[in-house]
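Notes to accompany the following structure.
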Amino acid sequence: MWSVTSRSWVASLSSLVLLFTLLLGVAAQDLGISLDKRAQDETQRIIYSTKLTFGDDTSRLFNDQQLYGLAALAYSEMQTKFHADGIAPHQQPSMIAAMAVGHDIYISSSLKNGTFLYDYADSRSKSPVLNALNRCQAGLQQFKKVPVNDQHRTRGSCAEVFALHEWSLDPDVPQQARAHRPATRVVAYGKPGGRGPDSVGPQNPCGGGEIVNDKGLLTWGCKQFMADQDLTVPKKPSKRARLDVPRPFPRFTKKQISIMPPSASAPRPGPLSNPPDPLSTT
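Per my numbering, the very first residue in the sequence shown carries number 2; after that it's consecutive.
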């Protein structure tokens, strides 16, 4: 029987080995994964993120498997930050998403220590992503034969949701892209909740299958939300696949986009584009 301490040690060692291997292709550059201090200070929520901006379109720089490799690198880099940031094991995010759009890749962890979009963010300002989540639920309800749960199955705490949320809050995104977002890929890497260190790897978006809960409500998640938002989820590599990143790693700049609503003096984000024929792939 593995103790919590031994499992944590194995997970940390595995992350360090993966980080060392991948960094050989990144020339030991820091991706800038860091704790969102504003979210922690103001709401006690724990989330890690970074935004990478490249000189060329990410569709030319990263193939699908390399995007998973970048997410794996970001996951390992996040693991190395927990001790210095004083994040207790039960508060440590277990997933990372990388969302590639245009010249940018938005990297976010899952959210820990409570929910955010459906309560705190909504009380401050209507998040474009919350509006999109609500539209997704309404669309599902229209097409399904059973009642649909009001909220995303993790209450919107998944890494993929927050990568999109950070894009929606980024003041550098031009209005044309907000109205018609360029082709966008999203991948996830990490450890599904409650599973051991052996489960770390590329992951499918949550929400697969048609599951009705004990209240008779159809549950839904990132699988349905990604389709509703016209986000491409590349096929998940096998656990035995060798994840890699481009070599040499392309030059980039980095910054963090907080998940917190913008201040009153900052420009408010516009709505997310609503693609035609939503839910056509669900």
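Backbone N, C-alpha and C define an ideal beta-carbon position, used for all residues, glycine too. Remember, it's a predicted structure, so these values are computed and weren't measured experimentally.
- By the criterion of a C-beta distance shorter than 7 Å, Ile88 is surrounded in its chain by Ile47, once the five residues flanking it on both sides are discounted.
- Runs of the alpha helix (DSSP H) spanning 4 or more residues and lying entirely within the stretch 21-108 occur at 38-44, 59-62, 65-80 and 83-86, in chain order.
- Between the stretch 246-264 and the stretch 45-59 there are three or more inter-stretch CB-CB distances shorter than 8 Å, so the stretches are counted as touching.
- One alpha carbon belongs to Met79, the other to Pro203, and they sit about 16 Å apart.
- Selection His84, Asp120, Asp105 and Ala189 evaluated against Ala178 yields Asp105 as nearest (Cα-Cα).
- Within its own chain, the residues whose Cβ lies closer than 6 Å to the Cβ of Phe117, once the five positions on either side in sequence are excluded, are Arg46, listed in chain order.
- For the set Leu32, Ser35, Arg39 and Ile34, the Cα lying nearest the Cα of Pro263 is the one of Arg39.
- Distances from the CA of Pro235 to each of Asp42, Phe63 and Asp31 were compared; the closest alpha carbon is that of Phe63.
- Looking at the backbone, the Cα of Lys224 and that of Ala160 are separated by about 13 Å.
- Annotation: Gly217 to Val149 spans about 9 Å, alpha carbon to alpha carbon.
- Between Lys113 and Gln93, the alpha-carbon positions lie close to 7 Å from each other.
- Between Arg156 and Tyr119, the C-beta gap is smaller than 7 Å, which places the two residues in contact.
- In this chain, Val130 is not harboured by any beta strand (DSSP E); it is covered by the alpha helix (DSSP H) spanning Pro129 to Phe144.
- Close CB contacts of Thr220 within its chain, under the 8 Å cut and outside five residues either way in sequence, are with Asn150, Arg154, Gly208, Ile212, Val213 and Asn214 (chain order).
- In the same chain as Arg241, and ignoring 5 residues on each side of it, no C-beta atom comes closer than 8 Å to its own.
- CA-CA distance, Gly197 to Met100, rounds to 25 Å.
- Gly191 is classed as buried because its beta carbon has at least 16 other beta carbons within 10 Å across all chains shown.
- Between the alpha carbons of Cys137 and Asp229 lies a gap of roughly 6 Å.
- When C-alpha distances from Ile34 are compared across Arg61, Asp42, His91 and Ser109, the shortest belongs to Ser109.
- Ser158 sits away from Pro129, with the two beta carbons spaced by 7 Å or more.
- The secondary-structure analysis by DSSP pairs Arg186 across a beta bridge with Ala101 and Thr233.
- Checking the DSSP bridge columns, you'll see Phe253 partnered with Phe55.
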